[in-house]
Amino acid sequence: MAFFKNLADSFVKEVVDPTVSFAEDSARTVVREVIDPTVAFIETQIQRPRDVIEQIQILDNLLASNGSRFPGDDYHPTDRKNWMAHLSVERLTLNKIVWPGTHDSATNGIGIEGVTRPLGECQTLSIYDQLVLGTRVLDIRVQEDRHICHGILSSYNVDAVIDDVIRFLLETSSEIIILEMRTEYGHKDPPGFETYLTDKLGQYLIHQDDNLFNKAVSEILPKRVICIWKPRDSPRPSRGGLLWNSDYLKDNWANTDLPWTKFQSNMNHLKEQPPISSRRFFYRVENTLTPQADNPVVWVRPVTDRIRRYARLFISRCVPEGCIDKLQVFSTDFIDEDFVDACVGLTYARINGGV
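Residues 0 to 354 (numbering that gives the first Met the number 0) make up the sequence shown, in order.
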């Protein structure tokens, strides 16, 4: 009997126990690597829409209780194509302008319609139509072959952008544009791109000059384009040259799809900036949201629309927050007339002593 008992004990120790231990370890591994992440992912999908609704409610309540009035909010330019000219280029200094900008400006028609386009398209208007509408800051992203891109999606050649800019310049006489050209993240710089830009736009380019910000538009004309070139690996433009480097257009991008989170981030970073009267660079606030990969909604339009309608609210909140004298470049996805009017209205108030 002792023999059989020892045999049974040995079997349990050498076969059963390791098998049970292996099964328990495997089960723990499955829980840790499969079940837990799956549960967390499902919880995120359930919680994120709740967070979005809650944050929109915060903004709606803020709008209902405080309104969206600000100096110049009732001003509407009669000719958005020439709005700078109509504000008086003699009194309009560069640092008093609230520049209406577009985010990922050249993404109209990017990708495949109905498939990848909704994932990357941030504007539906062409560059020319944006400028006619009143846009004065363009965010253009290129890849190595000089095609426009947004992440992995690519579109038309940058020549189309330059042609639209030149067409607009030829049709107007007093409008100044900030043209930001940059190599998209994850891509290589287009060879010889700095030379390309100066060759194409040379006669319109405004030389980099730290003393420019306090000058009136009339003193800067007939030059019309501040071109900021932001390569990834190539040498940056030199100070005093035809192109401006990345030091002269700054922002603090918050990677979120939550509107109140972005609203607060924008306001907090803006408050940290020097006032426009002493600033020697352009500072951009982006009234946009970024789709997140772990979210059930990944198309640009429905995500960024969560904050687009609060652009006037943001400007109005700059007054009690003490930073109305710091707002400068204000950018959006899917720009429209009301966004342009809000920026031009505040500009109008600044040159007429309303701020």
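Heads up, the beta-carbon is just placed ideally off N, CA and C, and yes, glycines get one too.
Segment limits, alpha helix (DSSP H) that includes residue i
i	result
Trp82	Trp82 to His85
Cys342	Glu336 to Ile350
Val164	Asp158 to Glu170
Ile364	Beyond the ends of the chain as shown, which are 0 and 354, falls residue 364; an answer cannot be given.
Asp147	Note that residue 147 is Ile in the sequence shown, not Asp. Element bounds for Ile147: not the alpha helix (DSSP H) but the beta strand (DSSP E), His146 to His149.
Asn354	According to the sequence as given, residue 354 is Val; it is not Asn. Counting along the chain, Val354 falls outside any alpha helix (DSSP H), and DSSP gives it neither H nor E.
Val299	Val299 to Arg307
DSSP three-state assignment for residue i, whether helix, strand or coil
i	result
Tyr195	helix
Cys226	strand
Cys322	coil
Asn286	strand
Leu211	helix
Leu220	coil
Ser154	strand
Gln46	helix
Ser173	coil
Ser188	The question names Ser, yet the displayed sequence has Asp at residue 188. Asp188 falls in the coil class under three-state DSSP.
Pro295	coil
Arg429	Because the chain here runs from 0 to 354, residue 429 falls outside it and cannot be looked at.
CB of residue i within 8 angstroms of CB of residue j, strictly
i	j	result
Gly100	Val328	yes
Leu312	Arg223	no
Ala215	Arg90	yes
Leu137	Leu211	no
Val160	Ile139	yes
Ala105	Ile147	yes
His102	Asp332	yes
Tyr127	Asp158	no
Pro189	Arg235	no
Lys95	Ile275	yes
Ile306	Thr289	no
Ile225	Leu196	no
Val299	Glu120	yes
Glu320	Lys270	yes
Val88	Ser173	yes
Ser277	Gly66	no
Val302	Asp256	yes
Leu118	Val297	yes
Phe262	Leu58	yes
Arg166	Lys229	no
Span of the beta strand (DSSP E), counted from its first residue to its last, around residue i
i	result
Arg140	Val136 to Val141
Leu312	That residue, Leu312, is in no beta strand (DSSP E); its alpha helix (DSSP H) goes Ala310 to Arg316.
Ser330	Val328 to Thr331
Ile177	Ile176 to Thr182
### Runs of alpha helix (DSSP H) lying entirely within the segment 233-281, each at least 4 residues, in chain order
258-270
### Query
Would you call the segment 232-248 and the segment 207-220 touching, i.e. three or more CB-CB distances under 8 angstroms?
yes
### Task
Write down every uninterrupted run of the beta strand (DSSP E) in the segment 53-129 whose length is 3 residues or greater and which is fully enclosed by it, in chain order.
98-101
### Any 3 or more C-beta pairs closer than 8 angstroms across the segment 110-125 and the segment 68-78
no
### Message
Under 8 angstroms: do the segment 319-334 and the segment 278-285 share three or more Cβ pairs, one atom per stretch?
### Response
yes
### Message
Does the structure place the segment 335-348 close enough to the segment 73-89 that three or more beta carbon pairs sit under 8 angstroms?
### Response
yes
### Message
Measuring CB atoms only, is the segment 217-234 touching the segment 263-273, in the sense that at least three cross pairs come out at less than 8 angstroms?
### Response
no
#### Entry: the segment 248-262 touching the segment 196-204, judged by at least three CB pairs closer than 8 angstroms
no
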